[in-house]
Amino acid sequence: MDKRQLQIFQTVARCGGFTKASKSLHMAQPAVSIAIKKLEQEFGLMLFDRSEKQIELTAEGRVLLDHADRILDQFHQAGMAMSELSGVVGGEVRLLTSAMLGSYLLPEQLASFRRDFPRVRVRVSSEGTQRAAEMIEAGEAELGVLHLDKVSPTLEARPFAREEVVVCVATDDPLARYPSITFEQFVQRDLVVYEPGYYLRELLEQTSREEGHPLRIGLETNLLRLMLSLVRQGSGISICLRHVLEHESGLVALSFEEPVYLNLGIGWHRKRYLSRAGRALLEHLCGDLEDSPLDD
Numbered sequence: 003m004d005k006r007q008l009q010i011f012q013t014v015a016r017c018g019g020f021t022k023a024s025k026s027l028h029m030a031q032p033a034v035s036i037a038i039k040k041l042e043q044e045f046g047l048m049l050f051d052r053s054e055k056q057i058e059l060t061a062e063g064r065v066l067l068d069h070a071d072r073i074l075d076q077f078h079q080a081g082m083a084m085s086e087l088s089g090v091v092g093g094e095v096r097l098l099t100s101a102m103l104g105s106y107l108l109p110e111q112l113a114s115f116r117r118d119f120p121r122v123r124v125r126v127s128s129e130g131t132q133r134a135a136e137m138i139e140a141g142e143a144e145l146g147v148l149h150l151d152k153v154s155p156t157l158e159a160r161p162f163a164r165e166e167v168v169v170c171v172a173t174d175d176p177l178a179r180y181p182s183i184t185f186e187q188f189v190q191r192d193l194v195v196y197e198p199g200y201y202l203r204e205l206l207e208q209t210s211r212e213e214g215h216p217l218r219i220g221l222e223t224n225l226l227r228l229m230l231s232l233v234r235q236g237s238g239i240s241i242c243l244r245h246v247l248e249h250e251s252g253l254v255a256l257s258f259e260e261p262v263y264l265n266l267g268i269g270w271h272r273k274r275y276l277s278r279a280g281r282a283l284l285e286h287l288c289g290d291l292e293d294s295p296l297d298d
């Protein structure tokens, strides 16, 4: 068994078939089939159930896939570490953030980072804080914007921003004349909110359960611009960050009677190698990393 065999096995397992895997690997299908057959012969085990049209992993195959994922990830991390010994900060880093934060909090900081580190390629993807944490744990991204009060034991996070969560209404809405409103007043209206999996949606559902006031959800979406546009047109009210509404016309921000704040941080995996590009971006967004667990 070698690295290439594990890569082929992993790809077949992820693609669910030899044809798709051969295209992904840029190999002839017979060569992929032979590689898997040799692996099965080496172990004396069937790794795939071929009785159905779409092959599936056997119980033994699932065990090997778990090991293959970890072994290949270690190869990847070792390669990153060695390539950075030259001392030049380059390469690629992936950052996960919600559309709201990516559109309103990060542009200036990312622009200045690119000026300071032109050789670093930054990939920014839109994900809610919960999904971002899951993807970092799975090794699909190095960094992500997380809710600091809900960081799992496998992740580490540094403070990034503290933002007030406010009610978002159109300027001609009857509520717009109030400086603040109660949660009970808020839930009496039709709501335009994020889909499940986003922290602001979780916050609404948690408060709804605690106060015993059901939510009247008229529309849910993961599209920020659509949500704001619908509120602006009077199709409902919503919640967002105060910072967002400072940049949007036709909308008013109302505090909750008991103000609510969102504490955000930039998170990474405690036990995975964080590339120099990742370190540089983390330091740029959150400040000096001296005294950080990264330097242990």
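Counting the sequence shown from 1 gives a position; my numbering is that position plus 2.
Every residue, glycine too, gets a C-beta built ideally from N, C-alpha and C.
Note that the structure is a prediction, hence the values are computed from the model and not measured.
Using a Cβ-Cβ cut-off of 8 angstroms (strictly less than) and excluding sequence neighbours within five positions of residue i, which residues of its own chain qualify?
i, result
"Gln-111", "His-286 and Leu-287"
"Gln-56", "Gly-18 and Gly-19"
"Gln-7", "Ala-37, Lys-40 and Leu-41"
"Phe-77", "Lys-5"
On the CB-based measure, 16 or more other CB atoms within 10 Å of its CB, does residue i come out buried or exposed?
i, result
"Ala-279", "buried"
"Val-65", "exposed"
"Phe-188", "buried"
"Leu-284", "buried"
"Ser-100", "buried"
"Met-229", "buried"
"Ala-113", "exposed"
"Gly-46", "exposed"
Could you pull out every residue in the same chain whose Cβ sits closer than 6 angstroms to the Cβ of residue i, ignoring the five residues on either side in sequence?
i, result
"Arg-191", "Ile-239"
"Tyr-201", "Thr-131 and His-149"
"Val-262", "Val-167"
Distance, Cα to Cα, residue i vs residue j?
i, j, result
"Ser-277", "Val-95", "8 angstroms"
"Arg-117", "Leu-217", "45 angstroms"
"Val-167", "Ile-241", "7 angstroms"
"His-149", "Leu-225", "20 angstroms"
"Tyr-180", "Asp-151", "30 angstroms"
"Ala-70", "Lys-40", "16 angstroms"
"Asp-68", "Ser-24", "21 angstroms"
"Thr-21", "Gly-289", "48 angstroms"
"Val-147", "Arg-203", "16 angstroms"
"Ser-154", "Ala-135", "8 angstroms"
"Phe-119", "Val-126", "16 angstroms"
Find out if the Cβ-Cβ distance for the pair residue i, residue j is shorter than 9 angstroms.
i, j, result
"Leu-205", "Val-233", "no"
"Val-194", "Tyr-106", "no"
"Leu-108", "Gly-269", "no"
"Thr-184", "Glu-62", "no"
"Leu-264", "Leu-243", "yes"
"Glu-139", "Thr-156", "yes"
Could you name the residues that DSSP lists as bridge partners for residue i?
i, result
"Leu-157", "His-271"
"Arg-125", "Arg-96"
"Ala-279", "None; Ala-279 has no bridge partner."
"Asp-51", "Glu-58"
"Thr-223", "Tyr-196"
"Val-258", "The amino acid occupying residue 258 in the given sequence is Phe; Val does not appear at that position. DSSP output for Phe-258 lists Ile-183 as bridge partner(s)."
Which same chain residues, not among the five before or five after residue i, have their C-beta less than 7 angstroms away from its C-beta?
i, result
"Leu-27", "Ile-10, Thr-13 and Val-34"
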